[in-house]
Amino acid sequence: MKFLDLSWQREQLEPEISQVIDDTFLAADFINGAPVRTFESAFANYVGAESCIACANGTDALELILEGMGIGRGDEVVVPAMTFVATSEAVFRVGATPVLVDVAESAVLDFEQVVAALTPHTRAVVVVHLYGYPANVEELRERLDGVGRRDVLIIEDAAQAHGASRRGRMVGSMGHAAAFSFYPGKNLGAFGDAGAVTTSDPVLAERVRRLSNHGRLQKFDHEIVGRNSRMDSIQGAVLGVKLKYLDQWLARRREFASTYLEALTDLSWMSLPAVPDDGLHGWHQFAIVVPDRSAVRSYLEDAGVPTGIHYPQSLAEFSFHADSPPASFPRAVTLARGELSLPIGEHLSDADVDHVIGVLRAFQPSGQNGAKVQ
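Following this note's numbering, the residues of the sequence shown are numbered contiguously, the last one being 883.
So this is what it looks like as C-alpha cells:
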C-alpha cells in the first residue's frame, strides 16, 4: 500500500496522456499555449468562476491575487495559524503583514476570532480550505458585513480543495478570488509545478493576467511591472485530461472517507476530521488527531500502513512570526502535535482501506501492542 501513488493516474489515463503530450511537442508551443487556454476555460467553468488565469504554481497564485488587489506595505491580511507556510509567505512577499488567527474544530479559520482580529489596516482574509474541507465563506461574509467591514476582501486558498463545495457553490467561486495549486500530489495534479487564479471580477482577472506575464496581455504591451509566472503548455494539456476524471476520483475518495468515518467513530482515543453538513469535502487528506502520534504512527507503519504528517509546526512557531506567540493559537498547536493522515486516494482498493481500519481497531491504547496513548 502506498500513501501517495503518483504513477497510478498516468497508468489509468494512457494513451490519452501521452497523446496530448505528443501533440504539444508537435505544436512546439511550449509556454502559455493553446492547451493552457483550453484548460483555463474548462477549469473556470468547473468551479463556476468567470475567469481562470493559469500561472506557475499555487504560491504565485496567492501573490498575484494580493498584488492584483493592490495589497502591500501598511496593509494587514488575516491568515490561519494552521496551514502551509506559503499562505503567510505570500503576504510577506507583497510587503503586507500577515495576522495569524486560530482555527476552529474543522481546522479552518475561526470566524469569531477573525472578526476580533480586524483593524483599520485589514485589507483581506485568506480562507484556507485545509485538507479539502470547504470553509463556510458565506458565513464569513455575513460576519464581516455585520461589523461594517464589507470592504475586507475574501481570498480562498484552494490549493487542497479542488472539487469541494459548500451550499451548492464550488470552492474557487466563493470569495473575491481563489488560488489553486496543481502540485503533483494534489487531487488535481500536474506533471510538475502549476497553479491558477479564479475570479469573477473582470478587472482583477485582467490585472492578474498582466502581472503573471511581465505586465502584458500581448507581446510588447508592458503596461505594468509584472513577473514570469506562466504555465507550461504540457502542464495545461495534462491538467485538461485529468480534469475530466476529477469528479470520478473525488467520488472514490469520498467513499473511502465515509468508510473510515463509519468504522472508526467509536474509537474514543482519536478525533476524526470534521465533515460539513451542507457541502462536499474534497478529502485531499484524511487527518485524524491522536494524543501520542509517534506511537500510533509506528504501530501503523509496522502493520504496513503508511501515514503522513503535513504540518508539525503551526505558523506561530516559525521565527518570522515571532510576534505571534504559539500559546495564542492552542487549537493550531494541538493539530500540529497530533494530526496524522491516513491513506486516502483513488489509487487505493477497498481491501487497503479495510486493512487500515482493522489495524486501527486492533490498536490498544493501554498497550498490549507496546504502544500507549495517554
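Glycine residues also receive a C-beta, built at the ideal position from the N, C-alpha and C atoms.
All values reported here derive from a predicted model rather than from experimental measurement.
With a CB to CB cut of under 6 Å and the five nearest residues on each side skipped, what residues in its chain are close to residue i?
i: ASP666; result: THR596, VAL635, VAL637, ALA688
i: ALA703; result: PHE691, MET740, GLN744
i: ASN541; result: ARG739
i: VAL600; result: VAL586, PRO607
i: GLY847; result: VAL798, VAL799, ARG802
i: LEU755; result: GLY672, LEU697
i: HIS793; result: TYR640, GLY641, GLN669, ASN696
i: THR547; result: GLY749
According to DSSP, is residue i part of a helix, a strand, or is it coil?
i: GLY579; result: coil
i: PRO544; result: helix
i: ILE526; result: helix
i: PRO643; result: coil
i: ASN696; result: coil
i: VAL624; result: helix
i: SER674; result: strand
i: GLY867; result: helix
i: THR631; result: strand
i: LEU713; result: helix
i: VAL805; result: helix
i: ASN722; result: strand
i: GLY817; result: strand
Once the 5 residues before and after residue i are set aside, which same chain residues still bring their CB inside 7 Å of it?
i: GLU826; result: PRO835
i: ARG519; result: ILE526
i: PRO815; result: MET510, LYS511, PHE512, PRO852
i: HIS630; result: GLY583, ASP584, GLU585
i: VAL750; result: LEU522, GLU525, ILE526, VAL529
i: VAL842; result: SER823, PRO835
i: GLU648; result: PHE620
i: GLU572; result: ALA599, ARG602, VAL603
i: LYS881; result: Unreliable positioning characterises LYS881 in this predicted model, as indicated by a pLDDT of 35, which lies under 50. A coordinate reading is not provided.
Can the beta-carbon of residue i be found less than 8 Å from the beta-carbon of residue j?
i: ARG675; j: PRO785; result: yes
i: PHE795; j: SER850; result: yes
i: LEU697; j: PHE765; result: no
i: ILE733; j: ARG718; result: no
i: GLY813; j: LEU513; result: no
i: HIS790; j: GLY641; result: yes
i: GLU614; j: ALA760; result: no
i: ALA699; j: VAL661; result: no
i: ASN618; j: VAL624; result: Correcting the residue type first, residue 618 is Leu in the shown sequence and not Asn. Their beta carbons are not under 8 Å apart, which means LEU618 does not touch VAL624 by this criterion.
i: TRP778; j: PRO874; result: yes
i: SER721; j: ASP538; result: no
i: ALA705; j: PHE552; result: yes
For residue i, write down the residues that DSSP places opposite it in a beta bridge.
i: VAL747; result: Answer is none; VAL747 lacks a bridge partner.
i: ASP666; result: VAL637, ALA688
i: THR708; result: SER560
i: ILE797; result: LEU849
i: GLU585; result: THR606, THR631
i: VAL491; result: Past the edges of the chain, shown from 510 to 883, lies residue 491, and the structure says nothing about it.
Give a yes or no on whether the minimum CB-CB distance between residue i and chain C is below 8 Å.
i: ASP756; result: This model lacks chain C altogether, as it is built from one protein chain only.
To which residues of the same chain is residue i closer than 8 Å at the C-beta, ignoring the five residues directly before and after it?
i: ILE866; result: THR768, TYR769, ALA772, LEU773
i: MET679; result: TYR555, VAL556, GLY557, GLY672, ALA673
Can you list, in chain order, the stretches of the alpha helix (DSSP H) that have 4 or more residues and sit fully within the segment 730-793? 742-752, 755-773
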